[in-house]
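Reading through the structure tokens given below for one structure.
Number of protein chains: 2
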Amino acid sequence: MQLTRAADYGIRVMVYLAGLPKGSRVPIQTLASASAAPESFLSKVMQRLATSRLVNSHRGASGGFELALPAADITMLDVITAVEGPVALNACLPHGGGCDRRSFCAAHHVWAEAQARLAEVLDGATIERLAAESSQWMELAQIGGEG
Amino acid sequence: MQLTRAADYGIRVMVYLAGLPKGSRVPIQTLASASAAPESFLSKVMQRLATSRLVNSHRGASGGFELALPAADITMLDVITAVEGPVALNACLPHGGGCDRRSFCAAHHVWAEAQARLAEVLDGATIERLAAESSQWMELAQIGGEG
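If you read the sequences in order, they're chains A and B.
In my numbering, each residue's number is its place in the first sequence (first place is 1) plus 2.
In my numbering, each residue's number is its place in the second sequence (first place is 1) plus 2.
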């Protein structure tokens with residue numbers, strides 16, 4: 003029951019992009035370095051983010067990736083869903099998921115509740131807020147390093 | 003981000019055992035059939051439940067598995083932890099998990115909160131309660147079938 007590496011990289015990249023001046027376009031090499039992700043693997047992650055219209059991809063000399071929406075309108079849940087598909091803690095959760103035990107499985111509603119709580123937290127965390135917090139911490143670390 | 007099959011089977015078995023008369027010992031074949039799990043796979047699950055002292059295993063003619071604790075003292079979280087190890091939604095969560103980004107990663111505390119909420123729900127669901135609910139539903143289904 004763990005987030006995939008792909009979704010973790012996706013969140014890193016989105017937070018990084020949200021911390022840049024508006025309209026910045028960033029090549030995949032820079033994103034790979036900023037998120038400490040292997041470039042070829044990150045390319046697939048970016049493709050999924052683009053398919054879900056969370057980023058735009060531009061070709062050419064001034065090309066690269068940029069956020070497709072304001073960072074305040076993108077949540078961690080959006081990014082995870084884009085990269086991994088809908089969150090489903092148990093295989094039985096996505097609309098019954100083909101589990102024929104559902105009608106008498108008492109664990110089903112516990113899973114549904116656990117998932118709802120989890121999704122609530124992830125959907126409450128916007129990429130904008132994460133980027134603002136990251137940048138504050140980086141500044142504090144720099145001041146600490148200078149002192 | 004999904005529960006393993008092993009943990010799902012573990013919960014099914016524990017709920018099944020909790021629904022039997024106190025002190026019942028059940029052979030692995032019966033447990034496999036009740037939980038719709040392959041027997042060889044379930045053997046490994048039962049081994050982990052035994053290692054975590056949630057079930058006792060007895061050899062011999064009257065042998066089999068039984069709950070090692072009252073079902074009211076065992077939660078879904080206990081069973082999942084026994085089978086999968088500590089719940090960690092993201093690799094960064096178990097005590098820092100070796101992630102060197104933690105000091106400036108704003109997502110970290112969101113993960114920690116999401117995990118706490120998830121664990122709260124799973125730890126609030128005792129195997130005793132699940133067994134009672136399952137048995138009620140089975141009775142209702144039987145009445146429905148007879149009607």
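Backbone N, C-alpha and C fix where the C-beta goes; we use that ideal spot for every residue, glycine too.
Beta-bridge pairing of residue i - partner residues as DSSP gives them
| i | result |
| --- | --- |
| histidine 60 (chain A) | A:Gly66 |
| valine 47 (chain A) | Valine 47 (chain A) pairs with nothing; no bridge assigned. |
| threonine 32 (chain B) | Paired residue(s): none; threonine 32 (chain B) is not in a bridge. |
DSSP three-state assignment for residue i, whether helix, strand or coil
| i | result |
| --- | --- |
| valine 89 (chain B) | coil |
| threonine 83 (chain A) | helix |
| threonine 77 (chain B) | strand |
| threonine 53 (chain B) | helix |
| threonine 6 (chain B) | coil |
| arginine 119 (chain B) | helix |
| glycine 25 (chain A) | coil |
| leucine 95 (chain B) | coil |
| alanine 39 (chain A) | coil |
| alanine 109 (chain A) | helix |
| leucine 19 (chain B) | helix |
Beta carbon of residue i nearer than 8 Å to that of residue j
| i | j | result |
| --- | --- | --- |
| threonine 77 (chain B) | leucine 124 (chain B) | yes |
| isoleucine 129 (chain B) | alanine 73 (chain B) | yes |
| glutamate 68 (chain A) | leucine 19 (chain A) | yes |
| glycine 66 (chain B) | proline 23 (chain B) | no |
| methionine 16 (chain A) | valine 81 (chain A) | yes |
| leucine 56 (chain B) | alanine 70 (chain B) | yes |
| arginine 27 (chain A) | histidine 60 (chain A) | yes |
| glycine 21 (chain A) | alanine 133 (chain A) | yes |
| glycine 12 (chain B) | valine 47 (chain B) | yes |
| arginine 50 (chain B) | valine 85 (chain B) | yes |
| glutamate 115 (chain B) | alanine 108 (chain A) | no |
| alanine 93 (chain A) | glutamine 4 (chain B) | yes |
Does the contact criterion of 3 or more C-beta pairs under 8 Å hold for the stretch 109-128 of chain A versus the stretch 78-97 of chain A? Yes, they touch.
For the stretch 121-149 of chain B, which segments carrying the alpha helix (DSSP H) assignment without a break, of at least 4 residues, lie completely within its bounds, in sequence order? Listed in chain order, the alpha helix (DSSP H) elements of length 4 or more contained wholly in the stretch 121-149 of chain B are 129-148.
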